[in-house]
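S.K.: Before I ask anything, let me first share the structure, which is written out below as structure tokens.
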Amino acid sequence: MNLKTMLLAFVVVFILLANMLEPPEPQETVSNTTVNNYSNIFFNYDIIRYPSCVEVTSGQTNSTITLGFATESWNINFGAVPANGSYSTRTVDLSNSNEHDVEIILKAYGNISNHVSFSKNNILLNPEEKTSVSIIFTSNEIADFYSGEIDVIIKKPIYNFPVIV
């Protein structure tokens, strides 16, 4: 193997390893909206951590459920949801006010995470671009209280090169 091939292989491995240095998972879930920052050699990350919870009820007739409405734009609490596959959806608006493309990554943590899905994820947003994402909680057969957090991770390149999704 000649020196040029070895150097190219080293650069490719270095770029792949640097890209795998994603922000660490949280050690515990948040109780209030929190903003964290993380960086590696190629990217800066803004991590907005939102608490989230839901009460899955038995869904039996003659049971009383208190309903409420959350009007805050980033309240990701799903309220009360009957068991057996019912679902609740929260829709959030995302926008890119940076000068360069950014990638938006959504992640769920805690015992709520196995029940949460996103209508889209790993979203590449151009400057001034906007999009909406639905965050869906789907119940199972077990009535219980689920909690955790939904993280919105904004991946911004340090250098002016395209973000690869």
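Residues 84 to 248 in the numbering used here are what the sequence shown spells out, letter by letter.
Beta carbons: idealized from backbone N, C-alpha and C, even for Gly.
These numbers were taken from a predicted model, which means no experiment stands behind them.
Indicate whether isoleucine 233 and alanine 191 have their beta-carbon atoms separated by less than 7 Å.
M.R.: Yes, these two residues count as a Cβ contact at 7 Å.
S.K.: What number of angstroms, rounded off, separates the C-alpha of phenylalanine 201 from the C-alpha of asparagine 160?
M.R.: Using only the alpha carbons, I get a separation of about 15 Å.
S.K.: Is serine 222 buried or exposed, if buried means 16 or more other CB atoms sit within 10 Å of its CB?
M.R.: Buried: at least 16 other Cβ atoms inside 10 Å.
S.K.: Is the beta carbon of tyrosine 208 sitting closer than 7 Å to the one on asparagine 179?
M.R.: The sequence as given places leucine at residue 208; tyrosine does not occur at that position. Yes.
S.K.: According to DSSP, simplified to helix, strand and coil, what is leucine 104?
M.R.: The answer is coil: DSSP assigns leucine 104 none of H, G, I, E or B.
S.K.: With distances taken from CA atoms, which of Ile225, Phe220, Leu177 is nearest proline 210?
M.R.: For the residues Ile225, Phe220, Leu177, the minimum Cα distance to proline 210 belongs to Leu177.
S.K.: Which whole-angstrom value describes the C-beta separation of threonine 112 and glycine 193, a residue pair presumed to lie in contact below a C-beta threshold of 8 Å?
M.R.: Threonine 112 to glycine 193, Cβ: 5 Å. Contact.
S.K.: Could you please give the first and the last residue of the uninterrupted beta strand (DSSP E) stretch that includes threonine 221?
M.R.: Unbroken beta strand (DSSP E) run through threonine 221: 213-221.
S.K.: Put phenylalanine 126 into one of helix, strand or coil per three-state DSSP.
M.R.: Three-state result, phenylalanine 126: strand.
S.K.: Quick one: grab the DSSP three-state call for lysine 203.
M.R.: Reduced to three states, the DSSP call for lysine 203 is coil.
S.K.: Should glycine 231 go down as buried or exposed, given a rule of 16 or more other Cβ atoms within 10 Å for buried?
M.R.: Label assigned to glycine 231: buried.
S.K.: Would a C-beta distance cut-off of 7 Å place aspartate 129 and isoleucine 241 closer than the cut-off?
M.R.: No; because the gap between Cβ atoms is not below 7 Å, this pair is not in contact.
S.K.: Does the distance from the CB of asparagine 127 to the CB of lysine 239 come in under 7 Å?
M.R.: In contact: asparagine 127 and lysine 239 (Cβ atoms closer than 7 Å).
S.K.: Just to confirm the assignment, what range does the beta strand (DSSP E) spanning glycine 162 have?
M.R.: It spans 162-165 - the beta strand (DSSP E) in which glycine 162 sits, taken as one unbroken run.
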